[in-house]
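The structure appears below as structure tokens.
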Amino acid sequence: MQKNTLWSGGRLSAALNQSMADLNRSLDIDKRMAEQDIRGSQAWAKAIRACDILTEEEWTMIHTGLDRVLQEIREGSFIFQDTDEDIHTAVERRLTEIIGPAGGKLHTGRSRNDQVVTDFRMWMLDTIPELETQLRALQEAFLERARKDIDIYVSGYTHFQQAQPILLSHWWMSHFWALDRDRQRLSETAQHADTLPLGCGALAGTAYPVDRFDLAESLGFSMPSPNSLDAVSDRDFACDFLYWASMLGQHLSRCAEAMILYSTMEFGYITLSDAFSTGSSLMPQKKNPDSLELIRGKAGMQYGHLFSLLSSLKGLPSAYDKDLQEDKQLVFTAADTAALVMTVMKGVLDTLTVNKDRCMAVLNTQALATDLADYLVKKGMPFREAHHAVGKAVKLSETMKCDLKEIPLEKWKEISDLFAEDVYNTFSVENAVDARCAWGGTARFRVMEQMRFAEKVLQNS
Ligand code: ARG
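For what it's worth, the working numbering labels the leading residue of the sequence shown as 1160, then goes sequentially.
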């Protein structure tokens, strides 16, 4: 018989099969919520003290006993036992060892069903600010790249074909904004976690007149949950968190994918620092962008966490079911993974070098075709016709096997008599970039303005 679980020795008398004990035990994962469990228990003790369930003396013993448990956990002197099936069991077991039978009064009116999800929400509310700080630091790193690389022109791509030239800074900033949405999503996740389930009991509510509004306030929650059945089964906040981690993963994977390509010999736009690359055990020449590949790969894992939880939740009957125990491992791993990939991505950005000449050399004048069309538009031709005329010029350059800017004037004039000597001024990457002058475009002054705006957004949110 497994002794010392919170439920053994009464209704259940037969020994728990070892495999069942192994399956049931969640301590290795949920001991991470020890601090929250103790804070939650101290607040609960205060709430039931206010209902006269504890005497002043019992309350003091419980409170100081829990302080001691917390200290043991912090110091690492807390000894977990095989029979501690989860952190809630372990804390209550140790409390009772320290203060005696009064410890057994702590759980009055409470269930692990409302306790566990309270701890979990508290853990999330404690962790989100740390992740937010990291996300902000990563945004700063993109911004810093944009500052450094403001003089670098590079091809912009659609369908992964050269499309139009852009400032490299504009590209870096595109990732800044994706991360800014992630930061917003993270703070929304915190809002969704900010409801207190404690005081809902196992499912129907607690039978003691606990002031749940006071309780919520004492634990830093905005309000107590309005329905006890919903409160013990609701894991929406965990799904929101995993969706946040998935979106962050997606954003970083897309950036990583591009950077992997940009670091190849074929592109050569960037060189990663050795500190974020690895070698091959066989090929002596290899320098592999494993940092970015792992960032890309982890995104798939993050999606997996989200799908796992959604799958576990599908069709779950009311209210608490043990399936819910699986939620924490997913969220903890997602949080650790998100933190790690953010750190690595920041490291990659801080240390890479950009090969300016290579970025420029790769730019093909065909990427200026839209500018040629705009040239004709400025001379009065409707855009659709201009598109057609420039298409002809591109085709001609291909038949003549020459660059667009090498087409002689008389040939341009055969295509349209609106072409004049000044057509050759169009072949400037700088002009093409500066022509994208509406708010949000790649014109240098707009990118500078965008960066100032980004700084303000970071300051004000
Ligand atoms: N370890 C459990 C969990 O993580 C605690 C809740 C147990 N509740 C129960 N009715 N057995 O979900």
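For glycine and all other residues, C-beta sits at the position ideal for the given N, C-alpha and C.
Every value quoted in this text rests on a predicted model; they were computed, and no experiment measured them.
| Asked | Found |
| --- | --- |
| Residue 1313 - containing beta strand (DSSP E), residue span | 1312-1317 |
| Beta-carbon spacing of residue 1186, residue 1243 below 8 angstroms | yes |
| Whole-number beta carbon distance between residue 1538 and residue 1577, since they are thought to touch under 8 angstroms | 4 angstroms |
| Test item: CB-CB of residue 1549 and residue 1520 under 8 angstroms | no |
| Among 1511, 1357, 1562, nearest to residue 1448 - alpha-carbon criterion | 1511 |
| Three or more C-beta pairs below 8 angstroms linking the stretch 1387-1394 and the stretch 1356-1365 | yes |
| Distance, residue 1476 Cα to residue 1248 Cα | 25 angstroms |
| CB contact below 8 angstroms: residue 1461 versus chain D | As a matter of chain content, chain D is missing from the structure shown, which is built from one protein chain. |
| Touch test, the stretch 1320-1327 against the stretch 1335-1344, Cβ-Cβ under 8 angstroms, three pairs minimum | no |
| Closer than 7 angstroms: residue 1190 CB and nearest the ligand ARG heavy atom | no |
| Secondary structure of residue 1444, DSSP reduced to three states | coil |
| heavy atom of the ligand ARG below 7 angstroms from residue 1269 C-beta | no |
| DSSP three-state assignment for residue 1411, whether helix, strand or coil | helix |
| Distance CB(residue 1563)-CB(residue 1525) smaller than 8 angstroms | yes |
| Paired residues, beta bridge with residue 1513 - DSSP | 1429 |
| As assigned by DSSP and simplified to three states, the class of residue 1160 | Per-residue confidence for residue 1160 stands at a pLDDT of 45, beneath the threshold of 50, marking its modelled position as unreliable; the derived number appears in the next sentence. Residue 1160 falls in the coil class under three-state DSSP. |
| Residue environment, residue 1597, which counts as buried when at least 16 other CB atoms sit within 10 Å | exposed |
| From 1258, 1265, 1469, 1180, residue whose alpha carbon lies closest to that of residue 1209 | 1265 |
| Classification of residue 1286 by the beta-carbon crowding that lies within 10 angstroms, buried from 16 upward | buried |
| Sub-8 angstroms separation of residue 1367 and residue 1212 beta-carbons | yes |
| Simplified DSSP state of residue 1620, which is helix, strand or coil | coil |
| Top-ranked residue by Cα proximity to residue 1580, from 1567, 1407, 1199 | 1567 |
| Local conformation of residue 1150 per DSSP, three classes | Examination of residue 1150 is not possible in this model, given that the chain is present from 1160 through 1620 alone. |
| Own chain, CB closer than 6 angstroms to residue 1160, minus 5 neighbours either side, in chain order | Note that residue 1160 scores 45 on pLDDT, short of 50, meaning its location in the model is unreliable; the coordinates nonetheless yield the value given after this. Closer than 6 angstroms at Cβ, skipping near neighbours: 1174. |
| Cα-Cα separation between residue 1557 and residue 1534, rounded to whole angstroms | 21 angstroms |
| Simplified DSSP state of residue 1612, which is helix, strand or coil | helix |
| Best match in 1593, 1299, 1573 for proximity to residue 1504 [C-alpha to C-alpha] | 1299 |
| Same chain, Cβ closer than 6 angstroms to residue 1490, five either side skipped, listed in chain order | 1397, 1400 |
| Cβ pair residue 1188, residue 1487 closer than 8 angstroms | yes |
| Three CB pairs or more closer than 8 angstroms across the stretch 1216-1226 and the stretch 1249-1258 | yes |
| Backbone secondary structure at residue 1383 - three-state DSSP | strand |
| Which residues DSSP lists as bridging residue 1321, in chain order | 1316 |
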